[in-house]
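Worksheet: the structure to be examined is printed underneath.
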Amino acid sequence: MNKTVILLLFLVSIQLFSQEKYLTKEGYISFFSHSLVEDIKADNYQVLSVIDTETGEIGVQLLMRSFMFKKALMQEHFNESYIESYKYPKATLKGFIVNFNGLDAQNTTVEIKGLLTIHGVEKEMSAMAKIEVLKNRINLSGTFKVEVADFNINIPTIVRNNIAKTIKVTFDLQHKPYK
Amino acid sequence: MLKLYNKPFIDIKNSRPEIEVTVENILFEFKSNEKLATEKYVDKLILVKGKIAAISISKGHSIITLKDKNGISSVICQMLAEDNLNALKLEKGDEILIKGVCTGYLLDIMMVRCVLINNNFKDE
Chain A
0 MNKTVILLLF
10 LVSIQLFSQE
20 KYLTKEGYIS
30 FFSHSLVEDI
40 KADNYQVLSV
50 IDTETGEIGV
60 QLLMRSFMFK
70 KALMQEHFNE
80 SYIESYKYPK
90 ATLKGFIVNF
100 NGLDAQNTTV
110 EIKGLLTIHG
120 VEKEMSAMAK
130 IEVLKNRINL
140 SGTFKVEVAD
150 FNINIPTIVR
160 NNIAKTIKVT
170 FDLQHKPYK
Chain B
0 MLKLYNKPFI
10 DIKNSRPEIE
20 VTVENILFEF
30 KSNEKLATEK
40 YVDKLILVKG
50 KIAAISISKG
60 HSIITLKDKN
70 GISSVICQML
80 AEDNLNALKL
90 EKGDEILIKG
100 VCTGYLLDIM
110 MVRCVLINNN
120 FKDE
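Chains A and B are the protein sequences, given in the same order.
Under numbering that gives the first Met the number 0, the first residue of the first sequence carries the number 0, and numbering increases by one thereafter.
Under numbering that gives the first Met the number 0, the first residue of the second sequence carries the number 0, and numbering increases by one thereafter.
Below is the structure:
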């Protein structure tokens, strides 16, 4: 079975079978590539993220085409040539927040571990995140690095100097209780 | 070359939508066959008609959520900044037309670069 289908089932089952879910459909994830030639940044304001507060599991899904670039041509190249959005429309993270139920402060740093899937390639990842657990809200924010080469993304030689080998990803996910 | 590099985004306001559809129908199509619906709608400029379930603002973008009658899934429309103020004039329950680019389906259908169609406004 296709991985996105599995994740979707996971997300849906989370919603059907438990009360202790926190969710956002308006999460923010951006990525940034710095090179001597140019800086490239893209923002996605439509990230779906679900936290199961019983287990500390987290599921994140986003659409590649929801990344907004400053230049139309960059967006076109990203979707059509590099990420191949028509073939791999989504990126997903299936993971957990380490020691979620042992958190001893409202405001602290946690580690998120899981499997990140981009461009159809699955890869283990880990990221540190700032977590804020408030009444009716769980905020997760932070940054992590992604190696372009890990995800079998083919950047043509002619623009290789325009795109960093390591991409910085920034996330800000503000979850609310799922009713 | 520089002209190509600086090529602008499609002018949503002045472009004709490729497909016109109701919230009910597009949700039905994505739920029954996501692959087919993706081929039909994704990366296309479409016009969607539906009732507003929510209006919110996130990081300077207004977001209008259109729901079908069953109310589980929705079409989430990220508005272009130029329509932020107009979005705030609308109310929950209003039936509106939104034009924008469909980016796909998670638990909901996602649209970006959306604009309102003028006849949304009763007082105009």
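Glycine residues also receive a C-beta, built at the ideal position from the N, C-alpha and C atoms.
All figures in this text were calculated on a predicted structure; none of them were measured in a lab.
> Whose C-beta lies closer than 6 Å to the C-beta of Val-158 (chain A) among residues of the same chain, with five residues either side of it excluded?
Replying inline: none
>> At the level of alpha carbons, what is the spacing between Ser-14 (chain B) and Cys-76 (chain B)?
In response: 18 Å
>> Please identify the residue among A:Thr-108, A:Gly-113, A:Val-109 and A:Gln-105 whose C-alpha is closest to the C-alpha of Lys-93 (chain A).
In response: A:Gly-113
> With C-beta atoms as the reference, is Asp-171 (chain A) less than 7 Å away from Ser-140 (chain A)?
Replying inline: yes
> Unbroken alpha helix (DSSP H) runs of length 4 or more, entirely within the stretch 60 to 106 of chain B: which are they?
Replying inline: 83 to 88
> Just how far apart, CA to CA, sit Ile-25 (chain B) and Thr-107 (chain A)?
Replying inline: 42 Å
> Cβ atoms of Glu-110 (chain A) and Val-120 (chain A): under 7 Å apart, would you say?
Replying inline: no
> What span of residues does the alpha helix (DSSP H) with Ile-25 (chain B) cover, start to end?
Replying inline: 22 to 31
>> Just to confirm the assignment, what range does the beta strand (DSSP E) spanning His-33 (chain A) have?
In response: 20 to 33
>> Per DSSP, what are the beta-bridge partners of Arg-136 (chain A) in this structure?
In response: A:Leu-133
>> Using 8 Å for Cβ pairs, my map puts Leu-96 (chain B) next to Lys-48 (chain B). What's the rounded Cβ distance?
In response: 5 Å
>> Against chain B, with Cβ distances strictly below 7 Å, would Ala-163 (chain A) count as a contact?
In response: no
>> If we define contact as Cβ-Cβ less than 7 Å, is Leu-84 (chain B) a contact residue for chain D?
In response: In summary, chain D is missing from the structure at hand, where the protein chains are A and B.
>> According to DSSP, simplified to helix, strand and coil, what is Phe-66 (chain A)?
In response: coil
> Is Glu-37 (chain A) helix, strand or coil by DSSP?
Replying inline: coil
> Which class does Thr-51 (chain A) belong to by DSSP, given the choice of helix, strand or coil?
Replying inline: According to the sequence displayed, residue 51 (chain A) carries Asp and not Thr. Here Asp-51 (chain A) sits in strand by DSSP.
> Does the distance from the CB of His-174 (chain A) to the CB of Ile-137 (chain A) come in under 7 Å?
Replying inline: yes
>> Measuring alpha carbon to alpha carbon, tell me which residue in A:Phe-143, A:His-76 and A:Lys-24 is nearest Tyr-4 (chain B).
In response: A:His-76
> Do Ser-48 (chain A) and Val-36 (chain A) have their C-beta atoms within less than 7 Å of each other?
Replying inline: no
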